[in-house]
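Colleague: For the sequence shown, this note's numbering assigns the number 200 to the initial residue and increments by one for each residue that follows.
Below is the structure I would like to discuss, written out as structure tokens.
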Amino acid sequence: MQRRLLFLVLMVTLFVSCEDIYKPDLEIVPGIIVVESHVTNDLNQNYVILSKTNDFYNTSPQENISGAKIELVQFTGFAYYPFEIIYNSTEVSPGHYIFKDTPVPGNNYRLRITMGNDVYESNLEQMPPLPTIDSLYTRFKLESSYRTDSYGPPTLVKSPGQEIYIDAPITPSLQYYRFNWRTVLQWTNIPPSNGPSVPSFWGWLSRYQDGEFNLAGIKQFSTSNLVTKHPVLSLPYNLHDYLETDKQTGCGWILILDQYGISKDSHNFYENLNKQLSAEGNLFDPLLTQVFGNMRCKSDSSKIVFGNFNLNSYKQYRYFLYLGTNEKSKMILRKLNRYPDIPFRGVVQGIQPSFWETY
């Protein structure tokens, strides 16, 4: 019996000692420049972030690049005799640059980056005209999702609510859009009338768009002059997942919708990013930085640069929506004409916040 036990121990030791983790030899290459930019007619949204990629085994954050000369170059005049107007950037933190001037719709611009002896330039892009929304409306939607707990397999859950859609024009100078949204759920906690006299609580909390970029535009081989029934987001009737207690009562949603007019090249760039994002979770996750944009190294064509000169026109819309409790409820939808700053979340007692909307 002891001999058998000794033999078993020797076999286990032999197999464990043979175990080896395979780590392939990958060439360590110099970091590649990554340009993340967002330039629009809203000064608060204008920035350029410069960084370098890491090698495969490096788990450190990407290195930001300081000390670069970044210019927004406006081109005027004629093709055979162009004239440049240069707007210089300011570095506000390592690798983070901003412009103190805003581009003008209809003008042509290029992003130029100088680092040492290397000069990187984007394609020449025309600033699109300011975007518009023809209409915003809702339709009933039964949204299906799966939820899990510690007691069993995923369970199918169906949540009734309203899907929000927009219609927008398509013109020769503006055929593509990108949307970004934020919702603010208002809630109140009113003490019972038969209890002690206590001021009411007024609170709010926010949701932000995440996941893939929301893109719209002219379809291939289409001659339509309108984007129709483009989905933006869904809002549920049941607010249980958002409110902390049963004593809180929902008082409607404020929808903050950012609309960007973008070029066809930018639309294609964001579509490629969406493909990368949707591929996450596969065995070999593609890197987000492996999406080529409209930047090139002018001084050395063999050098690779990732990223894109993202030139957009921008407009914000705000709406108030009260859905009620089910499909038969009377719904309220109105456009807002005021744009106060709204913190991410909060609660006040005794008086409604200045941004509060009633139904």
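For glycine and all other residues, C-beta sits at the position ideal for the given N, C-alpha and C.
Being a predicted model, the structure only gives us computed values, none of them experimental.
Are three or more beta carbon pairs between the stretch 445-452 and the stretch 537-547 nearer than 8 Å?
Modeller: no
Colleague: Could you compute how far the alpha carbon of methionine 530 sits from the alpha carbon of asparagine 437?
Modeller: What you label residue 530 is simply residue 331 of the sequence shown in a count that begins at 1. What you label residue 437 is simply residue 238 of the sequence shown in a count that begins at 1. Using only the alpha carbons, I get a separation of about 14 Å.
Colleague: Tell me whether leucine 225 sits in a helix, a strand or coil according to DSSP, three-state version.
Modeller: In the sequence shown, residue 225 corresponds to position 26, counting from 1. Unreliable placement is indicated for leucine 225, whose pLDDT of 48 sits below 50; no coordinate value is reported for it.
Colleague: Cα-Cα, which of Gln419, Leu434 and Leu249 is closest to glycine 467?
Modeller: For the purposes of this step, residue 467 is taken as residue 268 along the sequence shown, with counting starting at 1. Residue 467 is actually asparagine in this sequence, not glycine. Checked all of Gln419, Leu434 and Leu249; the closest Cα to asparagine 467 is Gln419.
Colleague: Give the secondary structure of aspartate 409 by DSSP, where H, G and I count as helix, E and B as strand, and everything else as coil.
Modeller: The residue you call residue 409 lines up with position 210 of the sequence shown. Coil at aspartate 409, not helix or strand.
Colleague: So, are the CB atoms of valine 238 and proline 302 less than 8 Å apart?
Modeller: As a position in the sequence shown, residue 238 is number 39, starting the count at 1. As a position in the sequence shown, residue 302 is number 103, starting the count at 1. Closer than 8 Å, so yes.
Colleague: Among residues of its own chain, excluding the 5 on either side of valine 272, which ones have a beta-carbon nearer than 8 Å to its beta-carbon?
Modeller: Counting from one through the sequence shown, the residue named residue 272 turns up at place 73. The residues are Glu283, Ile284, Ile285, Tyr286, Tyr308, Arg309, Leu310 and Arg311.
Colleague: Count the other CB atoms within 10 Å of the CB of serine 296; is the residue buried (16 or more) or exposed (fewer)?
Modeller: Numbered from its first residue, the sequence shown carries residue 296 at position 97. In the sequence as presented, serine is not what sits at residue 296; that position holds tyrosine. Buried is the call here.
Colleague: Report the three-state DSSP secondary structure of lysine 340 (helix, strand or coil).
Modeller: The count along the sequence shown starts at 1 and reaches residue 340 at position 141. In the structure shown, lysine 340 sits in a strand (DSSP, three-state: E or B).
Colleague: Are there three or more Cβ pairs, one per stretch, closer than 8 Å when the stretch 358-367 is compared with the stretch 333-345?
Modeller: yes
Colleague: Going by beta carbon distance, what residues of the same chain come within less than 6 Å of aspartate 300, once the five residues before and after it are set aside?
Modeller: Sequence index remark: in the sequence shown, residue 300 carries index 101 (1-based). Around aspartate 300: Tyr286.
Colleague: Quickly, what does DSSP pair valine 233 with across the bridge? List them, please.
Modeller: Taking the sequence shown and counting its residues from 1, the one referred to as residue 233 is at position 34. DSSP lists Ser250 and Phe505 as partners of valine 233.
Colleague: Return yes when the Cβ of serine 399 is within less than 8 Å of the Cβ of tyrosine 459, no when it is not.
Modeller: For the purposes of this step, residue 459 is identified with residue 260 of the sequence shown, where counting begins at 1. For the purposes of this step, residue 399 is identified with residue 200 of the sequence shown, where counting begins at 1. Not in contact: tyrosine 459 and serine 399 (Cβ atoms no closer than 8 Å).
Colleague: For leucine 355, count neighbouring Cβ atoms within 10 angstroms of its own Cβ and tell me buried if that reaches 16, exposed if not.
Modeller: Counting from one through the sequence shown, the residue named residue 355 turns up at place 156. Of the residues assessed, leucine 355 falls on the exposed side of the cut-off, its CB having fewer than 16 other CB atoms within 10 angstroms.
Colleague: Taking the alpha-carbon of glycine 506 as reference, which of Glu443, Arg377 and Asn322 has the nearest alpha-carbon?
Modeller: The residue you call residue 506 lines up with position 307 of the sequence shown. Checked all of Glu443, Arg377 and Asn322; the closest Cα to glycine 506 is Asn322.
Colleague: Apply the 10 Å Cβ neighbour rule to aspartate 224 and answer buried if 16 or more other Cβ atoms are within range, or exposed otherwise.
Modeller: Start at 1 with the first residue of the sequence shown, and residue 224 comes out as number 25. Annotation note: pLDDT 49 at aspartate 224 (below 50); position unreliable, coordinate value reported separately. A residue is called buried once 16 or more other Cβ atoms fall within 10 Å of its Cβ, and aspartate 224, having fewer, is exposed.
Colleague: Should tryptophan 401 and proline 552 be called a contact, given that it needs their Cβ atoms to be closer than 8 Å?
Modeller: Position 202 of the sequence shown, counted from the start, is the residue given in the question as residue 401. Position 353 of the sequence shown, counted from the start, is the residue given in the question as residue 552. Less than 8 Å divides the Cβ of tryptophan 401 from the Cβ of proline 552.
Colleague: Proline 281: buried (16+ other C-beta within 10 angstroms of its C-beta) or exposed?
Modeller: Walking along the sequence shown from the start, residue 281 turns up at place 82. Classification for proline 281: exposed.
Colleague: My output table needs one value for glutamate 144: the three-state DSSP class, helix, strand or coil.
Modeller: There is no way to answer for residue 144, as the model of the chain reaches only from 200 to 558.
Colleague: For my contact list, lysine 251 and isoleucine 269 are in at a C-beta cut-off of 8 Å; report their separation, rounded to the angstrom.
Modeller: Numbered from its first residue, the sequence shown carries residue 251 at position 52. Numbered from its first residue, the sequence shown carries residue 269 at position 70. Actually they do not touch by this definition, with Cβ atoms about 15 Å apart.
Colleague: From the DSSP output, in three-state form, read off glutamate 283 for me.
Modeller: As a position in the sequence shown, residue 283 is number 84, starting the count at 1. Correct three-state label for glutamate 283: strand.
Colleague: Phenylalanine 519 by DSSP, collapsed to three states: which one?
Modeller: Here residue 519 corresponds to residue number 320 of the sequence shown, with the count starting at 1. Of the three classes helix, strand and coil, the one that applies to phenylalanine 519 here is strand, per DSSP.
Colleague: Between serine 462 and the rest of its own chain, which residues show a CB-CB distance below 8 Å, the 5 nearest in sequence each way excluded?
Modeller: By one-based count along the sequence shown, residue 462 stands at place 263. Contacts found: Glu324, Gln325, Pro327, Tyr375 and Leu510.
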